[in-house]
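Report on one structure; see the data block that follows.
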Amino acid sequence: MEFLTFLIILGLVLIAIKVLGLLFKAGITLISIPFQILGAVVVAAVLFAVLPITLITGLLAAVLLPLGILVPLLPFLLIGFGIYMLARK
Numbered sequence: 032m033e034f035l036t037f038l039i040i041l042g043l044v045l046i047a048i049k050v051l052g053l054l055f056k057a058g059i060t061l062i063s064i065p066f067q068i069l070g071a072v073v074v075a076a077v078l079f080a081v082l083p084i085t086l087i088t089g090l091l092a093a094v095l096l097p098l099g100i101l102v103p104l105l106p107f108l109l110i111g112f113g114i115y116m117l118a119r120k
């Protein structure tokens, strides 16, 4: 009989600890909600600040990349341009 009473008390203690843990978790969640909202606002502000810069950089890269590919051909292009200028006269 004492063993059965011990098991019931142990079960009640376990339930009480679970309820306290659940309340603690709910409290921590409620405390952290403003920080999560603040984090979302900061991320949105940074995104809206950086997005135009990334778009401009992407457009510049798309325009300047072909020029970067033509740089090794520059001596040959200059020789060809010189021959064209000489032949034009």
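Numbers in the working numbering are just positions in the sequence shown, counted from 1, shifted up by 31. Think of the CB as a built atom: it goes at the ideal place given N, C-alpha and C, for glycine as much as any other residue.
Spatial neighbours of residue i in its chain, beta-carbon cut-off 6 Å, leaving aside the 5 residues before and after
i, result
"I40", "none"
Close beta carbons around residue i, own chain, < 7 Å, minus the five adjacent residues each side
i, result
"L108", "none"
Spatial distance of residue i from residue j (CA atoms)
i, j, result
"L91", "T85", "10 Å"
"S63", "I100", "51 Å"
"V77", "T88", "16 Å"
"G111", "L98", "17 Å"
"P65", "L82", "25 Å"
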